[in-house]
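The block underneath contains the structure these notes are about, expressed in structure tokens.
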């Protein structure tokens, strides 16, 4: 079972995710067996907004498989900034490359890219929407450090309202049995209702907490994220709240012995540097797990790919997407595609719900 | 027969061009035979102005031959912007690399580079002057899609006055038998007289047309190019004229069944997106042909190259070139080289004619 | 004998430097023997300030050993500019790479990087502090063009006060027998006292000269460097002095037949272009020697490296370094490390002396 692209982890069958995780485990144990697995293959990494570390992780993964890299990291000084459409860039680059990794500031851009690519596309972040290889990294880290993806109590701390990695991790962990969540955040930055409903509907459980110190003792896993200054109305609110959600050695004293601390990085100051020395901190190892997960993903997608172009779908609803950050509002040649729901229509690109 | 560099396709013997096209055809059929042909070789791509797609095409070509890449794509944040001369950069980089690809905003820069390079140099665009690998791409596309480079009626549409790819394509096609041109443009942006004279002198034929719709039925090949807004005196003139030279499904109805539509890309809006779905549109395939043409060119130039430096020529006329965009007016150590003509002198770098 | 990192050439045993030079010589003679020596290895070149040529030299060196490259050349448009600490970047990148090359505007940054890297680190310049691979390049060039590193009279011309490559070259040549120095400069830009003292204390000799023309006849080697305009109080002082220290064919007439002229490049105008044609000019060859020296260094450091992390040292003195350009004043989590001296404390990062 091999998907052609990876745009959204939620639409990938669990069996296929597990195939990838299994492969990642074998690669991690015996990387030398795989050092020529992608020999002669080219990955194009098209970063329409810079993300040096994500790009280096993909490039290192490709090189460790014996493949090669082309691409750009800064559209501002590249010709794609001269107004070339996403379609034309993807259509051309997929003539040169065997696999494309795309990061783009607009939501749905990776999905749009699949329509014009002759080779597999990996979504390395489309605006605030999805970032599936971060979630793949996160669950591969859990699998290696906790030994399981079931029966875990996962604390998630920081900006739970806007953090796309948080939502994606929760959704994926809901596909496994008997996980519980502790949502640690300010009131303003708590989990959105649709995520809370998903948790309830899946038969799982969550509690909310406004204190990292009070709730750290409950969790098997602590997933830390950044609270961005710009989410607060004023500086004093920000400073008042911030300290409560900073992990430091003092708070860590109340944690379980077997706790594992993850973070998608980069961190700003939400984890004290002294915590780095604690064996429970696995956020640096997490990046190495991420590289193996990406190696497995690349190999998996290259597995049965052939250079081909799928026929372009036609618009199924003549309607402008109401999300201004949706790719369809910038690239007008894209077919308008909606999925009919009970209460309206969901844009296939950005998942925005229209009435 | 192997030239040391490719600066200007017009000075390369036709037999050598055909050797390269033959090689490109074989590579395209059996790329795997060539996957180690440049093993251990390094290409330096020195892009003094960004052109992401051209650079990616060269880099992919080199990688598919088993070679490797170094270089830069943005001199603004590179040390070459700190005032190092072209000579010093080329002299040093050719110590590291086995072949150099250079793109530069000034005319004659690639020619100047050959004087200081210990390895072959490929011109990937020197200002508005030459861009020989685009023409190589264009004729390899014609050869593959039309089966011949002779007896063709080629429509060329858009900015025929300033378009360097247009002039270069015409000049090359004049070296083949019995080609005819249909120049489709506004009066202001028509073919320059020297190109018209070249066509007449070679015994070939052309007609001019100010309507794409009226003339599309005549041609076997339609080479579309962009009309730049800044070529017009005012916005309303631009808007009035523009539509006439946009290719859309309506105009395409009048075209021959066997028409092939080319475009050097990037396009802006001179070809409607609906045309992409038409089988006669080959501008995306064109970029793939371009990659194979570049693979053949690289291999051809590496063929008998040895690391060496040619003795520096001495100035043969103590005269400042009158073209302000000529490389000799920025890099003053360059010898002044002119070819005597009937009516004056031609600068060897930028081909500007001096009285 | 293999050091784990190369941060400062002065702390590397002379035997180890000679091992590297010996290896460089063998690689230069038979590069093909080494074309797979680093196969499967990845070098990360992290250039926090652009230095295209140094970076290309390292990348070419790695490719010629069969290895591969990742990295960045422009932190301004990379995510490391988003405020990620040096520690986090190094800690993560050393998960992906087998060797790291770092260039950083702050002094002591490379030393700091060694504390968080799981792989060898090479200092490719830390502010105005050290640039050991330039010195390795310089002495490998001397060895190849003069046949020895002993009994030489070395003229050093230009900015001797601030030029870090000059100080480093002198210090290294003092480790060899019987070298003499001719310091050619303005009074204001002469050698600092501590370097003069080092020369005297090592039993070597130096003279000072304010005229390149008068002293060029004395030297076996002339090491030219740039005099920066901004070192002078006013433009007229600069222009008056500048010409005296420009090497031109006229001054070169007074030089020895066997003179060798070196320059760390890039040059501005301190060497006339006509000098390039003189056989005594070896500054372009120097860059090629530099590439072989870097190949040898990379191979040497990869020699017995294993992915590991050294335990973090604790501060040994609770004191802020008085050098505002020291890395410890930007990255506050770094342990404060000082070496006690007779007259105070030396910062282990930037070598600034504290009272």
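Protein chains in written order, with our numbering: chain R, 7 to 361; chain L, 7 to 361; chain G, 7 to 361. Virtual Cβ for every residue (Gly too), placed ideally from N, Cα, C.
In summary, residue 321 of chain L is exposed, with fewer than 16 beta-carbon neighbours lying within 10 Å of its beta-carbon over all protein chains present.
As a beta-bridge residue in DSSP terms, residue 360 of chain L pairs with L:351. Interface annotation, residue 290 of chain L: in contact with chain R, CB-CB separation under 7 Å. Under the DSSP assignment, residue 256 of chain G falls in the alpha helix (DSSP H) whose first and last residues are 255-258.
The beta carbon of residue 299 of chain L does not come within 7 Å of any beta carbon belonging to chain R, so the residue lies off that interface. Within the same chain, 48 come within 6 Å of residue 74 of chain G by CB-CB distance, once the 5 residues on both sides are set aside. Boundaries of the alpha helix (DSSP H) around residue 201 of chain G: 199-207. For residue 234 of chain R, no Cβ of chain G is located within less than 7 Å of the residue's own Cβ. Ranked by Cα distance from residue 181 of chain R, the first of R:11, R:323 and R:16 is R:16. In terms of Cα proximity to residue 359 of chain R, the closest of R:339, R:327 and R:331 is R:327.
Taking a Cβ-Cβ cut-off of 7 Å, residue 43 of chain L has no neighbours in chain R, whose nearest Cβ is about 12 Å from it. Inclusion of residue 79 of chain R and residue 111 of chain R in the CB contact set at 7 Å is not warranted, their separation being larger than that value. Sorting L:295, L:283 and L:192 by C-alpha distance to the C-alpha of residue 245 of chain L places L:192 at the top. Residue-level contact check: residue 169 of chain L does not touch chain G, since none of the beta carbons of chain G fall below 7 Å from its beta carbon. Shown here, residue 290 of chain R sits in a helix according to DSSP, grouped into three states. Given a length threshold of 4 residues, each whole run of the alpha helix (DSSP H) inside the region 145-229 of chain G is given here in chain order: 170-179, 199-207 and 218-221. A direct Cα-Cα distance of roughly 14 Å separates residue 349 of chain R from residue 357 of chain R. Contact of residue 322 of chain G with chain R is not assigned, every C-beta pair being separated by 7 Å or more.
In terms of Cα proximity to residue 341 of chain L, the closest of L:213, L:323, L:347 and L:330 is L:323. Looking from the CA of residue 50 of chain R, the closest CA among L:231, L:50, L:61 and L:46 belongs to L:61.
With contact defined as three or more Cβ pairs closer than 8 Å, the region 195-202 of chain L and the region 161-176 of chain L are in contact. Rounded to the nearest angstrom, the gap between the Cα atoms of residue 256 of chain G and residue 25 of chain G is 40 Å. Note on residue 361 of chain G: under 16 other CB atoms within 10 angstroms of its CB, so exposed under the neighbour-count rule. At a C-beta separation below 8 Å, residue 274 of chain R has these neighbours in chain G: 89. Per DSSP, the unbroken beta strand (DSSP E) holding residue 105 of chain R starts and ends at 105-110. Per DSSP, reduced to three states, the secondary structure at residue 296 of chain L is helical. Here the C-alpha atom of residue 100 of chain R lies approximately 16 Å from the C-alpha atom of residue 12 of chain R. The region 109-127 of chain G and the region 303-322 of chain R do not touch, with fewer than 3 CB-CB distances between them shorter than 8 Å. Per DSSP, the continuous alpha helix (DSSP H) segment holding residue 94 of chain G begins and ends at 92-102. Each of G:218, G:233, G:45 and G:141 was checked against the Cα of residue 254 of chain G, and the nearest Cα belongs to G:218. About 5 Å separates the Cβ atoms of residue 274 of chain G and residue 232 of chain G, confirming a contact at the 8 Å cut-off. Here residue 126 of chain R is near residue 105 of chain R, since their CB atoms are less than 7 Å apart. Short of 6 Å from the beta carbon of residue 41 of chain G, and not among the five residues preceding or following it, lie these beta carbons of its own chain, in chain order: 72. Taking a Cβ-Cβ threshold of 7 Å, none of the residues of chain L is close to residue 333 of chain R; the smallest such distance is about 15 Å. Residue-level contact check: residue 294 of chain R touches chain G, since one or more beta carbons of chain G fall below 7 Å from its beta carbon.
Neighbours of residue 39 of chain L in chain R, taken as residues at a C-beta separation under 9 Å, are lacking, since the least C-beta distance is about 12 Å.
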